[in-house]
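So the structure is just underneath, and the comments pick up after that.
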Amino acid sequence: MKAPKPYVLLPGTAREALERYQSIFGGTLTLNTYADFERTDGPPDAIAHGTLDGTVALCAADAAPGESSLRTEGLMFSLLGTAEPATLHAWFEALSDGGRVVDPLQDRPWGAADGQVVDRFGLHWLIGYEHHTES
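According to numbering that gives the first Met the number 0, the sequence shown holds residues 0 to 134 in order.
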């Protein structure tokens with residue numbers, strides 16, 4: 000089943016961001032530069048189109064001169080239940096490095112655990128999982 004894939008324009012940090020996300024989440028990374036696409040509206044080594052495909056899938060590019068880069072309010076990238084709890088905790092810690100913890104990943108009264116972090120590239124992540132009880 001196909002799902003929406005976020006595509007973010009970044010202010011010259013697309014390569015760094017996508018490489019960082021691959022180091023955290025794994026997956027297959029493909030980077031195409033402006034030069035690869037014969038674009039002349041930005042630096043030749045800037046990323047014109049990059050994709051990360053795996054458990055976490057997203058696309059990013061460096062904003063061309065005059066284009067707006069990522070600015071969001073009221074938007075989170077949800078990773079609720081996308082991996083085992085230990086993996087989700089590791090992802091949360093990795094995304095926190097150089098970022099800002101909005102709400103620590105912790106147990107909640109409703110029987111789940113979740114937390115929020117804005118990473119160093121400005122993406123707001125919601126990470127969590129349900130506690131499973133043995134019957």
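Just so you know, even glycine gets a beta-carbon here, dropped at the ideal spot from N, CA and C.
In this structure the segment 43-60 does not touch the segment 101-109; the number of beta carbon pairs closer than 8 angstroms is below three. Taking the Cα positions, S67 is about 15 angstroms away from L122. Ranked by Cα distance from G11, the first of A62, Q21, T27, G25 is A62. Straight-line measurement puts the Cα of L87 at about 13 angstroms from the Cα of G25. The residues L104, G114, V116, W124, I126, in chain order, have a CB closer than 8 angstroms to that of F91 in the same chain once the five nearest residues on each side in sequence are set aside. Apart from the 5 residues on each side of it in sequence, T81 sits with its Cβ closer than 8 angstroms to the Cβ of T54, V55, L87 in its chain, given in chain order. Secondary structure at P64: coil, using DSSP grouped into helix, strand and coil. Sorting R99, A47, D52 by C-alpha distance to the C-alpha of A2 places D52 at the top. Counting along the chain, no beta strand (DSSP E) covers R107, and no H or E run does either. Non-local beta-carbon contacts of L17 in its own chain, meaning distances under 7 angstroms to residues more than five positions away in sequence, involve L28, L30, G49, L51, A59 in chain order. The C-beta of Y6 has fewer than 16 other C-beta atoms within 10 Å across all chains shown, which makes the residue exposed.
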